[in-house]
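Residue numbers (my numbering): 857 to 1101.
All residues carry an ideal CB built from backbone N, CA and C; glycine is no exception.
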Amino acid sequence: MRIDVIATADEAEEQKVKGKLAVVIDVLRATSTIVTALYNGCKGVIPVYDIERARSKACELEPLQCLLGGERKGIMIEGFHHGNSPLEYTAESVRNKYVILTTTNGTKAIHHAKTATDITIASFLNGQAVAKYIGRHFCDQVVMICAGTEGNFSLEDVLCAGKVIDELINIRNDVYLNDLGIAAKDLYANNKEQLHNILSHTFHYSRLVSLGFDEDVAFCMQQDIYPIVPVYVDEQFIINEKSSC
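Encoded structure:
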């Protein structure tokens, strides 16, 4: 199995993604939010690249059956039901509804993954489940797309890629990595018990804390609390029986 880790969404060019399993990672906060919403009973999360398309998509669904969620530069979009905080996507809020989500970084990364054969998403919340899913169902080429922050490298996403790789190596002995994959694996292995310490001075972590999202950051740093793997089917992320671990 060959795994290539890509540092930012902008680097996820078609030739690097096409025909592979794409694992999209945006720890703070889109992929953590998607996993949380689905775990809490959301019918599906529809990732949308831009705000107007999100509003247009909402008009195609019954008003009581969908929620608009998203942010730009960390702040909830005006007129939307929720921002990009996983804590907002409670069972009471999302059960049996569709969530239409657009974010600064995460849904951009998903958009860049669209030429992949299959797409799933990872966060610290479900990293072990994703590793098990890859180990059981895929044996060839995997690309991990780290969303980054506004076109720049984000350490938390690379650490999360390292977590998935670390878990996967415990399942299979035929994992081959690109250079960033090797760095991600070692970085996670050396810091998995102190994620807050290594991330506390990074740009995205610090900005979210400055905006008052301390609880979001703490929530997103939890490891393996959700044993689910979202899969991309018909332009939405869902959970099906085969992807649950």
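Under three-state DSSP, which class holds residue i?
i, result
"residue 927", "strand"
"residue 982", "helix"
"residue 1098", "With a pLDDT of 49 at residue 1098, under the threshold of 50, the predicted position of this residue should be treated as unreliable, though the coordinate-derived value follows. Here residue 1098 sits in helix by DSSP."
"residue 1087", "strand"
"residue 900", "strand"
"residue 871", "helix"
"residue 1032", "strand"
"residue 961", "coil"
"residue 937", "coil"
"residue 1058", "coil"
Would you kindly report the start and end of the unbroken beta strand (DSSP E) that includes residue i?
i, result
"residue 958", "954–958"
Between residue i and the ligand HEM, is there a pair consisting of the residue's CB and a ligand heavy atom that are separated by less than 7 Å?
i, result
"residue 1045", "The ligand content of the structure shown is nil, which means the ligand HEM is not present either."
Taking residue i as part of the alpha helix (DSSP H), name the residues at either end of that continuous run.
i, result
"residue 1018", "1011–1025"
"residue 1070", "1070–1076"
"residue 891", "886–895"
Tell me, which residues are paired with residue i by DSSP?
i, result
"residue 994", "DSSP, once it has assigned bridges, lists no residue as partnering residue 994."
"residue 947", "In the DSSP output, where bridge partners are listed per residue, residue 947 has none listed."
"residue 919", "In DSSP, residue 919 forms no bridge with anything."
"residue 860", "999"
"residue 974", "877"
"residue 1093", "901 and 1088"
"residue 1008", "1005"
Hey, out of the options, whose CA is closest to residue i's CA?
i, options, result
"residue 873", "886, 975 and 948", "975"
"residue 1050", "1001, 1072, 1015 and 1002", "1015"
"residue 1068", "988, 886, 931 and 922", "931"
"residue 857", "1056, 1063, 999 and 950", "999"
"residue 1059", "959, 1006 and 1029", "1006"
"residue 880", "1063, 1071, 1018 and 1081", "1018"
"residue 1092", "899, 870 and 860", "899"
"residue 907", "943, 877, 958 and 947", "958"
"residue 1085", "977, 1038 and 1036", "977"
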